[in-house]
Structures are given as structure tokens and as C-alpha cells.
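Under numbering that gives the first Met the number 0, the residue at position 246 of the sequence shown is numbered 245, and the numbers go up by one with no gaps. Every residue gets a Cβ at the ideal spot worked out from N, C-alpha and C, and that includes glycine.
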Amino acid sequence: MQIFMNIINVGTILRKTNCPLIQKLIRFFSLSQVQTMKYLSQTEANNVDVELFKAYKFSVDQLMELAGLSCSHAVAKCFDVCEHSRVLVCCGPGNNGGDGLVCARHLSLMGYKPHIYYPLPTPNPLYENLTHQCKSMNIPFIEKCPEEKEIANCFDLIIDALFGFSFKPPVRDAFIPIINVLQKTKIPIASIDIPSGWHVENGKNTDLDLEPTLLISLTAPKQCAKFFKGTYHYLGGRFIPPSLKEKYQLDLPDYPGTETCVKL
């Protein structure tokens with residue numbers, strides 16, 4: 000046991016060192032693990048979700064809470080609250096939008112100042128409750144699509160929670176204005192699970208798609224993540240049972256300690 004603890008301590012020390020050679024070695028071994036990781040197709044991603052609900056008896060709101068929490072933690076790791084406190088959270092009508100609502104609530108608890116743009120709310124008790132929770136925490140909701148100048152003057156970061164892995168083109172009319180604005184902005188964007196407008200397997204394939212700085216893959220990366228060229232890629236949603244990981248041969252990286260997300 001003492002030998003094992005010594006190994007862990009050495010690993011921790013090495014990760015904190017500023018030696019360029021050691022940091023290159025750490026990145027090399029981390030990259031090797033990521034390269035063996037499985038990227039899910041749309042069908043596989045849907046099947047994993049179905050099994051979580053039916054075979055493992057998770058509820059939608061349970062997974063959404065864990066996913067949104069991990070997204071907020073990934074955002075905080077990449078964008079310091081002192082420099083990126085003003086956050087515009089753009090939410091779509093499905094589960095991805097629900098993840099965004101949860102993320103906004105947790106960002107607020109961590110000192111950020113989120114505003115939510117939710118152009119097409121889902122008439123469902125789950126989403127109505129999530130909306131109520133945010134409003135109860137005095138998180139403002141924006142009624143009109145913000146213009147490019149407004150975003151530049153009022154926000155330091157954008158959370159893209161518009162479309163998830165179930166998205167299929169074309170983009171619905173209600174979301175075309177916000178996509179057009181976000182394509183022009185210089186403010187960094189953090190996309191939840193899938194950059195909005197992307198095909199879940201083939202990546203960018205329309206004129207209405209985003210190029211985020213941060214991508215937060217949930218459960219497991221989707222195939223489109225192979226085409227991601229941004230600065231940060233994190234994995235969140237630390238809730239996959241070992242037997243399910245084995246069944247789908249996910250080969251996910253280990254989450255360090257008590258972390259809810261891990262850098263890829």
C-alpha cells in the first residue's frame with residue numbers, strides 16, 4: 000500500500016512540475032489514452048442513453064443534473080470567473096438545453112453572472128422546473144435574440160446548449176438568428192456535447208454551425224469531436240456504470256480524484 004501511495008504522490012508532483020520534458024511526456028501518455036477512446040455514432044449515443052434509463056434506472060433529471068454540473072466545472076477550469084464572469088447561456092428545446100439550464104444555475108453558484116437566452120422553451124414539467132430554479136436564483140432571461148454588438152459589450156463567454164446529439168439539419172427557424180450572431184462574435188464559445196449546427200458524426204456540414212473554443216463531450220465523445228479544432232476539449236458526465244463502459248468498449252480516460260470532468 001505504501002508503494003502504491005508513493006507512486007500516486009510522485010505522479011502528482013510530476014504533473015505540477017514546470018519541466019518542459021516531463022510535461023511533454025505527460026501529454027504524450029494522455030494523448031495515447033485519448034487516441035484509444037471510442038467516439039460514439041448517433042445510434043450508439045442514443046442506445047447508451049436508452050440503457051441508462053431502462054436497464055440502469057437513471058432518470059432524465061438525474062443525468063441532466065450531473066451533466067450540467069460537470070459542464071459548469073469544465074467551464075470554470077478554462078475560463079476564470081474574474082475574467083469571464085458575464086456568461087450568455089443559449090439553450091435549445093431538448094436535453095441539451097436542459098443541460099445548459101443546469102450549467103447556468105451552477106455557474107451562478109460559483110460566482111459567475113449568467114444570462115439565459117431560451118427562445119423555444121419546452122412545455123414539460125422538467126424544463127419548467129429548471130427554468131423556475133434559475134429564475135428563483137435571479138438569473139435573468141433574455142427575451143429577444145441579442146445582437147452582435149450587445150454580446151460584445153455585455154458578455155465575456157457564451158455557452159452553446161442549443162442542439163445535442165439528436166440534431167439533424169436543417170436548423171429550425173427560431174434558432175437561425177442566434178446562430179448567425181454567434182458565428183460572428185469574437186467572444187469565446189463553450190459548446191455542450193456537440194457544437195451547434197454540426198452533424199453528430201460528420202462534423203461541420205452546413206452554413207449554420209459554430210466553432211467553439213471549448214467542447215464539453217458528455218458521457219463519451221461523439222464522432223464529430225474528431226473534427227474539433229478548438230483550444231479545450233473536456234469530458235463530463237461521470238455516471239457511466241463499468242458494465243456499460245465494457246459493453247460499448249468506451250475506454251474512457253480516468254477521472255482524477257473527485258473531479259466531475261477530465262481534460263482530453
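Per DSSP, cross-strand counterpart(s) of residue i
| i | result |
| --- | --- |
| C302 | Because residue 302 is not part of the residues shown, which for the chain are 0 to 263, the question remains open. |
| G236 | For G236, which the question treats as bridged, DSSP gives no partner whatsoever. |
| A189 | I158 and L213 |
| L39 | K221 |
| H198 | G202 |
| C260 | G235 |
| F140 | I115 |
Sequence-distant residues of its chain with Cβ nearer than 6 Å to residue i (five each side left out)
| i | result |
| --- | --- |
| Y233 | A73, I215, C260 and K262 |
| F230 | It should be noted that the sequence gives Thr, not Phe, for residue 230. The residues are T212. |
| D60 | L125 |
| C77 | L213 and Y231 |
| S29 | With a pLDDT of only 45 at S29, under 50, the local geometry of the prediction cannot be trusted, and the value read off the model is given with reservation. Taken in chain order, the list of residues that qualify is empty. |
| V264 | Residue 264 lies beyond the range of the chain shown here (0 to 263); nothing can be said about it. |
| V180 | E147 |
Residues of its chain near residue i, where Cβ-Cβ distance is below 7 Å and the 5 sequence neighbours each way are ignored
| i | result |
| --- | --- |
| E245 | none |
| N95 | A160, L161, F162, G163, I191 and D192 |
| P240 | Y55 |
| Y38 | P220, K221, Q222, A224 and K225 |
| D250 | T35, M36 and K37 |
| L68 | V101, H105 and T259 |
| K148 | none |
| L129 | G97, L100 and V101 |
Residue i and residue j closer than 9 Å at C-beta
| i | j | result |
| --- | --- | --- |
| V49 | C70 | no |
| L243 | A54 | yes |
| F265 | R85 | There is no way to answer for residue 265, as the model of the chain reaches only from 0 to 263. |
| I150 | I115 | no |
| A189 | L119 | no |
| V47 | Y247 | yes |
| L156 | I178 | no |
For residue i, the nearest candidate out of the options (CA to CA)
| i | options | result |
| --- | --- | --- |
| E142 | M136, N152 and Y117 | Y117 |
| C133 | V88, Y247 and L249 | V88 |
| Q182 | S165, L51, D208 and I157 | D208 |
| H83 | S107, L129 and P92 | S107 |
| T42 | L156, A189 and F166 | F166 |
| L217 | T205, D206, E210 and P194 | P194 |
| P168 | E210, T184, N123 and T205 | T205 |
| I268 | A75, S40, S58 and V170 | For residue 268 there is no data in the structure shown, the boundaries of the chain being 0 and 263. |
Status (buried if at least 16 other CB within 10 Å, exposed otherwise) for residue i
| i | result |
| --- | --- |
| M136 | exposed |
| G202 | buried |
| R26 | Any reading at R26 must be qualified, since the residue scores a pLDDT of 48, below 50, and its modelled position is unreliable; the value itself is stated next. It is exposed - the Cβ of R26 has fewer than 16 other Cβ atoms within 10 Å. |
| E200 | buried |
| F226 | exposed |
| G256 | exposed |
| L306 | Because the chain spans 0 through 263 in this model, residue 306 falls outside it and cannot be assessed. |
| D98 | buried |
| G110 | exposed |
| C90 | buried |
| P145 | buried |
| H198 | buried |
Beta-carbon proximity list for residue i, same chain, < 8 Å, skipping 5 on both sides
| i | result |
| --- | --- |
| I65 | This sequence places Leu at residue 65; Ile is not what is there. The answer, listed in chain order, is G236, R237, F238 and T259. |
| G93 | T121, F162, G163 and S165 |
| K112 | S84, R85 and V86 |
| S40 | V199, E200, K221 and Q222 |
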